[in-house]
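Here's the structure we're looking at; comments come further down.
2 protein chains.
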Amino acid sequence: MVTQNTVTIPRSVWYGWGDPARAKPLSAAGLEYLRTTLGLQNVEAAHPPVDFEDIALGPSALGEAVLAELSGICGARHVSTERTERILHSGGKSTPDLLRIRGGDALQAPDAVIFPGSAEEVRRVLELCVARRLAVVAFGGGTSVVGGVEPLRGPFSGVVTIDMRRMDRLLHLDALSRTATFEAGIRGPAIEAALEPLGFTLGHFPQSHQEATLGGYVATRSAGQASTGYGRSDNLVKAVHLETPAGPLDVGSTAPGTAAGPKLLDTVVGSEGTLGVITSATMLIQPLPESRSHGAWSFESFAAGAAALRRLRHEGVRGDMPHVCRLSDTDQSAATFKLGGPKTAAMARYLGLRGQRTPALALFVWEGAKGETAARKRRSARILRAAGGIYVGPLPARAWERGRFSGPYLRDELLTRGVLVETLETAATWTRLEATYAAVRGAILEALAEGGGTGYVQTHISHVYPDGASIYFTFLAGLEQDGPAQNARVKKAASEAIVAARATITHHHAVGTDHAPYMEAEIGALGIAVLAGIKETLDPSGIMNPGKLIPTPKNASPTKEKP
Amino acid sequence: MVTQNTVTIPRSVWYGWGDPARAKPLSAAGLEYLRTTLGLQNVEAAHPPVDFEDIALGPSALGEAVLAELSGICGARHVSTERTERILHSGGKSTPDLLRIRGGDALQAPDAVIFPGSAEEVRRVLELCVARRLAVVAFGGGTSVVGGVEPLRGPFSGVVTIDMRRMDRLLHLDALSRTATFEAGIRGPAIEAALEPLGFTLGHFPQSHQEATLGGYVATRSAGQASTGYGRSDNLVKAVHLETPAGPLDVGSTAPGTAAGPKLLDTVVGSEGTLGVITSATMLIQPLPESRSHGAWSFESFAAGAAALRRLRHEGVRGDMPHVCRLSDTDQSAATFKLGGPKTAAMARYLGLRGQRTPALALFVWEGAKGETAARKRRSARILRAAGGIYVGPLPARAWERGRFSGPYLRDELLTRGVLVETLETAATWTRLEATYAAVRGAILEALAEGGGTGYVQTHISHVYPDGASIYFTFLAGLEQDGPAQNARVKKAASEAIVAARATITHHHAVGTDHAPYMEAEIGALGIAVLAGIKETLDPSGIMNPGKLIPTPKNASPTKEKP
Numbered sequence: 018m019v020t021q022n023t024v025t026i027p028r029s030v031w032y033g034w035g036d037p038a039r040a041k042p043l044s045a046a047g048l049e050y051l052r053t054t055l056g057l058q059n060v061e062a063a064h065p066p067v068d069f070e071d072i073a074l075g076p077s078a079l080g081e082a083v084l085a086e087l088s089g090i091c092g093a094r095h096v097s098t099e100r101t102e103r104i105l106h107s108g109g110k111s112t113p114d115l116l117r118i119r120g121g122d123a124l125q126a127p128d129a130v131i132f133p134g135s136a137e138e139v140r141r142v143l144e145l146c147v148a149r150r151l152a153v154v155a156f157g158g159g160t161s162v163v164g165g166v167e168p169l170r171g172p173f174s175g176v177v178t179i180d181m182r183r184m185d186r187l188l189h190l191d192a193l194s195r196t197a198t199f200e201a202g203i204r205g206p207a208i209e210a211a212l213e214p215l216g217f218t219l220g221h222f223p224q225s226h227q228e229a230t231l232g233g234y235v236a237t238r239s240a241g242q243a244s245t246g247y248g249r250s251d252n253l254v255k256a257v258h259l260e261t262p263a264g265p266l267d268v269g270s271t272a273p274g275t276a277a278g279p280k281l282l283d284t285v286v287g288s289e290g291t292l293g294v295i296t297s298a299t300m301l302i303q304p305l306p307e308s309r310s311h312g313a314w315s316f317e318s319f320a321a322g323a324a325a326l327r328r329l330r331h332e333g334v335r336g337d338m339p340h341v342c343r344l345s346d347t348d349q350s351a352a353t354f355k356l357g358g359p360k361t362a363a364m365a366r367y368l369g370l371r372g373q374r375t376p377a378l379a380l381f382v383w384e385g386a387k388g389e390t391a392a393r394k395r396r397s398a399r400i401l402r403a404a405g406g407i408y409v410g411p412l413p414a415r416a417w418e419r420g421r422f423s424g425p426y427l428r429d430e431l432l433t434r435g436v437l438v439e440t441l442e443t444a445a446t447w448t449r450l451e452a453t454y455a456a457v458r459g460a461i462l463e464a465l466a467e468g469g470g471t472g473y474v475q476t477h478i479s480h481v482y483p484d485g486a487s488i489y490f491t492f493l494a495g496l497e498q499d500g501p502a503q504n505a506r507v508k509k510a511a512s513e514a515i516v517a518a519r520a521t522i523t524h525h526h527a528v529g530t531d532h533a534p535y536m537e538a539e540i541g542a543l544g545i546a547v548l549a550g551i552k553e554t555l556d557p558s559g560i561m562n563p564g565k566l567i568p569t570p571k572n573a574s575p576t577k578e579k580p
Numbered sequence: 018m019v020t021q022n023t024v025t026i027p028r029s030v031w032y033g034w035g036d037p038a039r040a041k042p043l044s045a046a047g048l049e050y051l052r053t054t055l056g057l058q059n060v061e062a063a064h065p066p067v068d069f070e071d072i073a074l075g076p077s078a079l080g081e082a083v084l085a086e087l088s089g090i091c092g093a094r095h096v097s098t099e100r101t102e103r104i105l106h107s108g109g110k111s112t113p114d115l116l117r118i119r120g121g122d123a124l125q126a127p128d129a130v131i132f133p134g135s136a137e138e139v140r141r142v143l144e145l146c147v148a149r150r151l152a153v154v155a156f157g158g159g160t161s162v163v164g165g166v167e168p169l170r171g172p173f174s175g176v177v178t179i180d181m182r183r184m185d186r187l188l189h190l191d192a193l194s195r196t197a198t199f200e201a202g203i204r205g206p207a208i209e210a211a212l213e214p215l216g217f218t219l220g221h222f223p224q225s226h227q228e229a230t231l232g233g234y235v236a237t238r239s240a241g242q243a244s245t246g247y248g249r250s251d252n253l254v255k256a257v258h259l260e261t262p263a264g265p266l267d268v269g270s271t272a273p274g275t276a277a278g279p280k281l282l283d284t285v286v287g288s289e290g291t292l293g294v295i296t297s298a299t300m301l302i303q304p305l306p307e308s309r310s311h312g313a314w315s316f317e318s319f320a321a322g323a324a325a326l327r328r329l330r331h332e333g334v335r336g337d338m339p340h341v342c343r344l345s346d347t348d349q350s351a352a353t354f355k356l357g358g359p360k361t362a363a364m365a366r367y368l369g370l371r372g373q374r375t376p377a378l379a380l381f382v383w384e385g386a387k388g389e390t391a392a393r394k395r396r397s398a399r400i401l402r403a404a405g406g407i408y409v410g411p412l413p414a415r416a417w418e419r420g421r422f423s424g425p426y427l428r429d430e431l432l433t434r435g436v437l438v439e440t441l442e443t444a445a446t447w448t449r450l451e452a453t454y455a456a457v458r459g460a461i462l463e464a465l466a467e468g469g470g471t472g473y474v475q476t477h478i479s480h481v482y483p484d485g486a487s488i489y490f491t492f493l494a495g496l497e498q499d500g501p502a503q504n505a506r507v508k509k510a511a512s513e514a515i516v517a518a519r520a521t522i523t524h525h526h527a528v529g530t531d532h533a534p535y536m537e538a539e540i541g542a543l544g545i546a547v548l549a550g551i552k553e554t555l556d557p558s559g560i561m562n563p564g565k566l567i568p569t570p571k572n573a574s575p576t577k578e579k580p
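Sequences listed follow chains G and F, in order. Here our numbering is used: the first residue of the first sequence is 18, the next is one more, and so on. Here our numbering is used: the first residue of the second sequence is 18, the next is one more, and so on.
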C-alpha cells in the first residue's frame with residue numbers, strides 16, 4: 018500500500034506559510050537563476066517581515082456584553098479578542114495578504130475569533146450576530162489566495178471570524194457505499210489519517226493540503242493535484258450541512274443519483290461563506306491506491322504537449338488516464354532543467370540532441386490497483402510517443418511529487434529577498450487553450466514590464482478534462498516600491514485578458530474579493546441577481562462574508578457583458 | 018462502426034405512445050402469463066380509447082387580441098388554437114395522463130399552442146404572457162410521466178404551451194473539445210443523426226429517446242439506458258441558454274472546470290420549465306463506439322446480483338465498467354424466462370440445475386474502441402463469476418437491446434386490455450439498497466391488494482454509481498373501476514415508502530406535479546424557500562409552469578421533515 022504525503026504541519030506562521038523550519042532554502046543555483054532571469058543585482062534577504070510586536074492592530078469593536086453572550090454559547094476559552102489570534106485571522110495567504118502583514122498592517126483584523134464546537138453553537142453564534150449586526154467570516158485553514166477570508170465589516174458594526182478548527186471529526190463512514198461524513202474544520206492530513214486505516218483516501222491534494230480544511234474545499238470548489246484522476250471537490254461532495262442566518266440547511270442527496278429538481282447542493286458548493294457556515298460534508302471516498310507509476314515525457318513545445326494531453330484523454334483506453342497530469346511550458350521546463358542538478362542537465366542535453374532545444378516537460382502519476390498502473394502507463398506511453406513525446410523516465414515526476422507542497426514556503430523566501438511572486442489560474446477548452454495561454458501570458462509580461470524591471474512567467478497545465486484543461490501562471494519580478502500596487506496591476510491585466518479570451522476567471526482559487534469584479538463578466542447581470550436572490554433567502558441581513566463572491570457596487574467592474 | 022437504434026418516429030398519437038404501427042402485439046404466451054399472474058379472466062382488448070371526436074374540450078380562453086399579438090411574434094401559422102393541437106398538448110404520457118385522455122377528457126388542454134422559431138421569439142412570447150397574465154408551459158417531446166407538462170393555469174387567466182419542435186438544429190460542434198450546442202427542441206434520434214456523420218454520439222438513450230427532446234433531458238436531469246457509461250444528462254450538460262420572464266440567462270461555463278462561485282447551471286438543470294424556457298444547450302459528446310460487447314450473468318437472488326454490480330464498480334479495473342448495466346429482480350427475470358421462447362426456457366432449466374431456481378438476471382453492454390470492449394468484458398467476467406454469477410451468453414442483452422424502446426407501446430396495449438401498468442423509480446446507496454427495494458416493493462403490493470385483485474411488481478436496477486444504484490419498479494394489476502384512483506393509491510404508498518427509506522423521490526422521472534408533494538421531505542422547507550427564491554428572481558410573476566416542482570399549498574404534503 019502506498020501512502021500519501023500527509024504530514025500534519027503546525028498552523029501557519031503569521032507572516033507566511035506553514036512551519037518555517039520545514040522550508041528548504043533556495044540553492045545557490047536558484048539564487049543565481051533569479052539574478053540572471055530577473056536581472057536583479059540584489060537578492061539578499063533584505064526584506065524580512067516586521068517584528069510581531071510592531072504590527073498595527075486597532076482595538077476590538079466588541080463590547081463586554083456581546084463577548085459575554087458569545088462566551089455563553091461557545092465557552093469563554095473559545096472566544097478570543099487576543100492580539101495574536103486577531104492578527105492570525107486578519108487575512109488569507111495571497112501575496113497581497115503577505116505583503117500587507119509582513120509590512121505590519123493588521124488593521125483589518127476581526128474584532129473577535131470564535132472557535133465553536135458544534136453546528137448548534139455555530140447556529141447560535143449566527144443568531145447572535147444577526148441580532149447584534151455583526152459580520153461573520155467562516156475560517157477553515159485560512160489559505161485563501163483571493164481574499165476569501167478577509168474580515169471585512171461591510172455595513173456592520175463589527176466582524177467576527179468563526180474558526181472551524183475544533184470541528185475536525187470523521188462523523189460517519191459508509192464503507193459499502195464509499196462515502197464519509199466529516200466535520201468541516203478537518204484539515205487535509207487529518208482527513209487522510211482518518212481514512213487510511215480503513216483503506217480509503219479522499220484523493221484531494223491541493224497545494225494547500227497541509228493547512229486547508231474540508232469546509233474550505235467545498236466552499237471554494239477546489240481542485241487538487243490529483244483531481245484529473247479523483248475529480249474536483251465539487252465532484253466529490255455528496256451532501257453538505259450548512260448553518261445559515263435563516264436556519265440549518267441540508268443540501269445534496271444521500272441517493273447516488275436523483276432528478277428531484279435543481280441540484281441545490283451546487284448553490285452551496287462554491288458559496289465561499291456568503292450563505293452560511295458549512296459545518297459538515299459527505300464526500301465520496303476511494304480505496305487507497307495499491308501502487309503508483311510515474312513517468313515524464315518531453316515535447317517540442319507547450320502546444321505539442323497540450324495536444325498530447327488531449328489525445329491521451331480522448332484516444333486513451335477508457336480508464337487509463339493518469340491521476341496526476343501536469344505539463345510545464347518551455348519557460349517552466351527551462352527552470353526545472355536548470356535547477357535540477359546534473360541528472361536533469363544531462364537530460365536537457367539529450368533532448369537537445371533529439372531536436373528538443375526548448376522542451377516542454379509533462380509529468381504523470383498513475384494510481385490504482387497493483388499491476389494495473391504499469392499497464393495503464395504502458396498503453397498511455399504509446400499515445401504520448403505518437404504525439405511526439407520523448408520519454409525521460411520517472412524521476413521528474415518523483416521529484417515533483419517530493420516537492421509538491423513546498424511552493425508556498427519558497428514564496429516566503431522570495432518575498433524576503435525582494436522578489437514578487439504570485440500565481441493565477443484559468444481554464445479553457447482545447448480549442449481556446451493556446452490562444453488563452455498566449456493572451457494571458459502576454460498580458461502578465463506586459464504589465465510586469467510597465468514597472469521598468471524584468472518579469473518572468475512560467476506556466477503549467479495541471480488538470481485535464483474531456484473538453485479542455487486548466488492553465489496556471491506563476492510570475493516573478495523584483496518587488497517595486499509599492500508591491501501591492503505592482504501585484505494588483507499585473508493581476509488586473511491578466512484578469513482582463515482572461516475575460517477577453519472567454520476563459521474562466523478562476524479554475525480553482527475561487528472568487529473572494531479579488532475576482533468579484535469579474536463575476537458579472539463570468540455569469541452575467543442576471544446570474545448575479547440569481548446569486549443575490551439565493552443570499553437574500555439564506556442571509557437576509559447580509560452578515561455572511563460581506564464583499565466576497567458577489568460584486569458590490571464598490572468592486573463591480575465597469576465592463577459587464579460577455580462577448 | 019456500430020450505430021445506435023435511433024429511428025425517428027412520428028410524434029405520438031393522442032391516446033398513447035409513438036406510432037402504433039410499430040407496436041409489437043403481446044404474444045399468446047404473454048397473454049397467458051398476464052391471465053395467470055394477475056388472475057384475470059378477461060384480458061381481451063375491451064377498453065379502447067374513446068373516439069377522437071368524442072374528446073371533451075372547452076373553448077380557448079384567449080381572445081382575438083392576444084392571439085393576434087402571438088401571431089405577430091411567431092407568425093400566424095405557428096400559433097394554434099386548433100382542436101387536435103390542443104388535445105395533443107393536454108398532458109404528458111404518464112399512466113394517469115393516458116387514462117384521462119383515453120377516457121375522453123381534454124378539459125385541461127392549453128388555450129393555445131405556440132411554435133416559436135427562435136430564442137428571440139420565445140423571449141417576446143414570455144414578455145407578452147407576463148403582460149397578459151398567461152401561464153406558460155414549455156413542451157419538448159411531451160413525454161413527462163410525472164405531470165411535468167400539464168397545462169395548469171394556476172392563478173392566471175389562461176395557459177399557453179410553447180412547443181419547441183421548430184427549434185431543432187445543431188448550432189455548433191467543437192470536435193476538438195468534444196462539445197456540441199443544440200437548440201432545445203431537437204429529439205433524440207435527430208441529435209444522433211446530426212452527430213453520427215461527424216463520428217460522435219451524445220450517448221443519451223432514455224426509453225423516451227425517440228420522442229423526448231434535449232431541452233426535456235436538461236430540464237428534468239434525465240438518465241438514459243447507457244448512463245452508467247456515458248453519464249446522466251446533468252453530467253453531460255455544459256451550458257444552457259434560458260429565456261426567462263426576467264430576461265435571457267446564460268448559465269454554465271464553456272471552460273472545462275471553474276471555481277467561479279456556485280454552479281448556477283445546476284439551478285437551471287432540473288428546473289422543469291418553472292424558471293424559463295431552455296432554448297439551447299451545450300453538451301459533452303463522445304466518439305461513436307467502434308464496438309459493443311454483450312453479456313448476461315445470472316445470480317441466485319436480487320441481493321446477490323446487486324452485490325455483484327457493486328463489486329464490479331468497486332473492484333473492477335478503472336474504466337472497465339459497462340455502459341449499460343441492468344439487473345432484474347427474480348420476478349422480472351421470471352417473466353423474461355417465461356416469455357423469451359425455447360432458448361430462454363432452456364436457459365432457465367440449466368440455471369435450475371446449477372442451483373439457481375429463481376434467478377436474477379443481469380445484462381451488460383460494453384461500448385468503446387475496437388478490441389477494448391472484449392477485454393473489459395473479460396476482466397469484468399472474473400468479478401461477476403467471483404460474485405456468484407453464472408454466464409448465460411450475450412443473447413439476453415441483445416434481446417433487451419432490440420426491445421429497449423418498446424415498453425411504452427406495450428403499456429398502450431395493456432391499458433386497452435384492462436390492465437393497469439405504471440412505473441416508478443428511486444435510487445439508494447448500496448447500504449440502503451436492499452431495504453429500500455423491499456420496503457417500496459412491499460408498499461406497492463400492499464396498495465395493489467387493497468383493491469381486492471392480484472398485483473404484480475417487477476423491479477430492476479439500471480444505473481450503477483460508485484455509491485449506489487437506481488431501483489425501477491413496474492407494477493401491473495387489473496384496472497379497477499376508478500383507474501386513476503387505483504394508480505394514485507399505489508403511487509402514494511410507494512412514494513411514502515421511498516421517503517421513509519430516505520431514498521430519493523425520483524431517480525430520473527423528475528418531479529412535475531406528481532412528486533411535488535414529496536419535495537419538502539427531499540430538500541427541506543428551507544430548500545423549498547431557496548428554490549422559490551430563485552424562481553422569484555427569474556419569474557417574479559410566477560407564470561412559468563405553475564404547479565410543478567415547487568409544492569404549492571394545494572399539493573404540499575402534511576409530513577415535512579427528514580427523519
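For every residue, glycine included, the Cβ atom is placed at its ideal position computed from N, Cα and C.
According to DSSP, is S225(F) helix, strand or coil? Three-state DSSP puts S225(F) in coil, outside helix and strand.
Looking only at its own chain, which residues have a Cβ that is under 8 Å from the Cβ of Y50(G), when we skip the five neighbours before and after it? Excluding its 5 nearest sequence neighbours in each direction, Y50(G) has C-beta neighbours in its own chain below 8 Å: A352, K355, L356, listed in chain order.
Is the beta carbon of A126(G) closer than 8 Å to that of L74(G)? Taking the C-beta atoms as reference points, A126(G) is found nearer than 8 Å to L74(G).
Segment contact, 8 Å Cβ cut-off, at least three pairs: the stretch 264-276 of chain G with the stretch 441-453 of chain F: Touching, yes, given that three or more Cβ pairs across the two stretches are closer than 8 Å.
Check whether the stretch 108-115 of chain G and the stretch 135-151 of chain G touch, using three or more Cβ-Cβ pairs below 8 Å as the test. Contact between the stretch 108-115 of chain G and the stretch 135-151 of chain G is absent, with fewer than three C-beta pairs closer than 8 Å.
Can you tell me where the beta strand (DSSP E) holding F492(G) begins and where it ends? Run containing F492(G): 485-495, per the beta strand (DSSP E) assignment.
Start-to-end residues for the beta strand (DSSP E) that takes in L441(F): Taken as a continuous stretch (DSSP letters only), the beta strand (DSSP E) holding L441(F) covers 436-446.
Out of A363(F), R28(F), A62(F), which has the shortest C-alpha to C-alpha gap to L432(F)? Considering only A363(F), R28(F), A62(F), the residue with the shortest C-alpha distance to L432(F) is A62(F).
What residue range does the alpha helix (DSSP H) around Q503(G) cover? Residues 500-517.
Would a C-beta distance cut-off of 8 Å place R309(G) and E430(G) closer than the cut-off? Cβ distance not < 8 Å, so R309(G) and E430(G) don't count as in contact.
Please classify K579(G): does DSSP put it in a helix, a strand, or coil? Unreliable placement is indicated for K579(G), whose pLDDT of 37 sits below 50; the coordinate value is still reported in the next sentence. K579(G) carries a coil assignment under DSSP once its states are collapsed to helix, strand and coil.
Taking only beta carbons into account, state which residues of the stretch 72-97 of chain F come closer than 8 Å to chain G, listed in chain order. Across the stretch 72-97 of chain F, no CB contact with chain G closer than 8 Å is found for any residue.
If you draw a straight line from the C-alpha of A40(F) to the C-alpha of K280(F), how long is it? Their backbone Cα atoms lie some 42 Å apart in a straight line.
Distance cutoff 8 Å, beta carbons only. Does R249(F) sit that close to anything in chain G? At least one beta carbon of chain G lies nearer than 8 Å to the beta carbon of R249(F).
Any beta-carbon of chain F closer than 8 Å to the one on Y454(G)? Closer than 8 Å to the CB of Y454(G) there is not a single CB belonging to chain F.
Report yes if the CB atom of I179(F) is closer than 8 Å to the CB atom of V163(F), and no otherwise. For I179(F) and V163(F), no; Cβs fall outside 8 Å.
Pull up the distance between the alpha-carbon of L124(G) and that of L465(G), whole angstroms please. The C-alpha of L465(G) is placed about 29 Å away from the C-alpha of L124(G).
Between L55(F) and the ligand SAH, is the CB less than 7 Å from at least one heavy atom? This structure lacks the ligand SAH; in fact it carries no ligand of any kind.
Buried or exposed by the 16-neighbour rule on C-beta atoms within 10 Å, applied to H525(F): The residue is buried, with at least 16 neighbouring Cβ atoms inside 10 Å.
State the CB to CB distance for the pair G372(F) and L344(F), rounded to an integer number of angstroms; the pair is presumed to be in contact (CB under 8 Å). The C-beta distance from G372(F) to L344(F) rounds to 19 Å, too long to fall under 8 Å, and the pair is not in contact.
What separation, rounded to the nearest whole angstrom, lies between the Cα atoms of I72(F) and L105(F)? Using only the alpha carbons, I get a separation of about 11 Å.
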